[in-house]
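Everything on this sheet refers to the single structure shown next.
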Amino acid sequence: MGILGCSTSAPPLIHFAPKTAQIPLKKSNTQEESSDSLRNLVQDKCPSLFTPFEPTWWLNNGHIQTTYSVFADISQVDSVWYRRQNLRLVDGGTLGLDFAPIDDSALRDDTPIVVILHGLTGGSYEPYIKSILTHVIKPVDKGGLGYRAVIPHSRGCGGVPITSTKFYSAGGTDDFRQALIYISHRYPRAILLGLGFSLGSNIMTRYIAQEGEKCRLSSACVLANPWDLAANSDILSGTIIGRNVYNNALGTNLMNVAKQHHKALMADRSLPIAKALEPLMSVAQMTLTNFDKVFLSQVGGPPPQFPYATVNEYYNAMSSHECVGGITIPYLAINSADDPVVQYVPMHGAGNGFAVMVLTSGGGHLVDGRGCRVPGRW
0 MGILGCSTSA PPLIHFAPKT AQIPLKKSNT QEESSDSLRN LVQDKCPSLF TPFEPTWWLN
60 NGHIQTTYSV FADISQVDSV WYRRQNLRLV DGGTLGLDFA PIDDSALRDD TPIVVILHGL
120 TGGSYEPYIK SILTHVIKPV DKGGLGYRAV IPHSRGCGGV PITSTKFYSA GGTDDFRQAL
180 IYISHRYPRA ILLGLGFSLG SNIMTRYIAQ EGEKCRLSSA CVLANPWDLA ANSDILSGTI
240 IGRNVYNNAL GTNLMNVAKQ HHKALMADRS LPIAKALEPL MSVAQMTLTN FDKVFLSQVG
300 GPPPQFPYAT VNEYYNAMSS HECVGGITIP YLAINSADDP VVQYVPMHGA GNGFAVMVLT
360 SGGGHLVDGR GCRVPGRW
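Quick note on numbering that gives the first Met the number 0: the sequence shown kicks off at 0 and runs consecutively.
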């Protein structure tokens, strides 16, 4: 293959349960209802999952794709504007809800809403979110879905203030639960569709399994879920590039959030979170593992669940790889085989007929760049 050509990889690996769930369907603008199997729906509605992954020729491995996602400027390609609303939580904390499109006055009350959870320290500004939202919120007559979207921001992320002495954790679901309660009450006639990225995928998966039949999401798709946090942390720390590049970068991002909100977190020095923040600031080499060990495993949530004796106990408690069996809504999980951050991916789906597990041959961490010259995504 020439250097200017597009490399072609194998089609994704897809795991369906032996018997997939029957999904009720309703034809648009009618009351007529039918049903179909989840397998048939995925095969019909997601044809790209059954074709080879063709990356942009100069983004030909997971490391390059992941690096591109960090430094590429797509602000002029995928332009999305948001309407920010802060949501005060029961403990006095704050989430930032970014709604799109800004002017939704022409949309019906029952227009579907895509609820998106960002990655570790991300937000609605992330290219991986904007690249999808440009199609999600684009009017139908212009080739889009014509949906609403809302991105709940974790405490302290994306310009959200910290208004209580609580941070966020790798698997805590209560903040997301409160956001969904608010959204569903604001738009009671709209169905809510979940879309999770990276750590947001882990949180969303845990929420769906915990809620069971009471889940406020009608369906969900999660991308680059880290699944087993302990296993993926061990793999990441076991390689030179994983230990010195990715682990460092993720830890530094978290540390920057903690430093930004240092004053708020230290408001009451008698509280555990303030006492944990002091040794955190003295860590010589900040990595994701060190941040979790010193800080989040100790004060990532309220007692009696916290603190954890070790970081691995924290990871095991916050992971989602054992939650899939409890999912009762249509659920599509997509990971990349060359993701340098998430390298352990369970594909069995716990035999759950609602779960479809996909492993693409390429795409890096939240990139999926494809196209011969100018990368497109997803």
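All C-beta atoms, glycine included, are put in the ideal place defined by N, C-alpha and C.
Handout entry: Buried versus exposed, by CB contacts within 10 Å (16 or more), ILE101
Key = Under this definition ILE101 is an exposed residue.
Practice task
Say whether chain B places a C-beta atom closer than 7 Å to the C-beta of GLY362.
Solution key: The structure shown contains no chain B; it is built from a single protein chain.
Handout entry: Secondary structure of ALA354, DSSP reduced to three states
Key = ALA354: strand per DSSP, three-state reduction.
Problem - Which listed residue (LEU119, ILE128, ASN85) has its alpha carbon closest to that of SER78 - result: Answer by Cα proximity: ILE128.
Handout entry: Segment contact, 8 Å Cβ cut-off, at least three pairs: the stretch 83-94 with the stretch 168-182
Key = Result yes; three or more Cβ-Cβ pairs closer than 8 Å.
Handout entry: In DSSP terms, what THR93 is bridged to
Key = Paired residues: ARG87.
Practice task
Going by CA-CA distance only, name the one from ARG215, LEU287, ALA230, ILE207 that's closest to TYR330.
Solution key: A check of alpha carbon separations from TYR330 across ARG215, LEU287, ALA230, ILE207 identifies ILE207 as the nearest.
Problem - Length of the line joining the Cα atoms of LEU358 and ARG268 - result: Their Cα atoms are separated by approximately 46 Å.
Handout entry: Backbone secondary structure at ARG154 - three-state DSSP
Key = Three-state DSSP puts ARG154 in coil, outside helix and strand.
Problem - Residues near MET317 in its chain [Cβ-Cβ closer than 7 Å; skip 5 each side] - result: Here the set comprises SER168, ALA169, GLY170, LEU228.
Handout entry: LEU253 versus LEU119, GLU321, GLU212, residue with shortest Cα-Cα distance
Key = Of LEU119, GLU321, GLU212, the residue nearest in Cα terms is LEU119.
Exercise for the section: Grab the span of the alpha helix (DSSP H) containing LEU295 for me, first residue to last. Expected result: Per DSSP, LEU295 lies in no alpha helix (DSSP H) and is assigned neither H nor E.
Exercise for the section: Pick out whichever of GLY363, ARG107, LYS141 has its Cα sitting closest to the Cα of PRO187. Expected result: Selected option, being the one with the closest Cα: ARG107.
Exercise for the section: Use the C-beta contact count for ASP338: other C-beta atoms within 10 angstroms, 16 or more gives buried, fewer gives exposed. Expected result: Buried is the call here.
Practice task
Might you give, ordered along the chain, the residues of its own chain that have their beta carbon closer than 6 Å to the beta carbon of PRO225, omitting 5 neighbours on each side?
Solution key: Closer than 6 Å at the Cβ level, and outside the excluded window around PRO225, lie ASN201, ASN231, VAL341.
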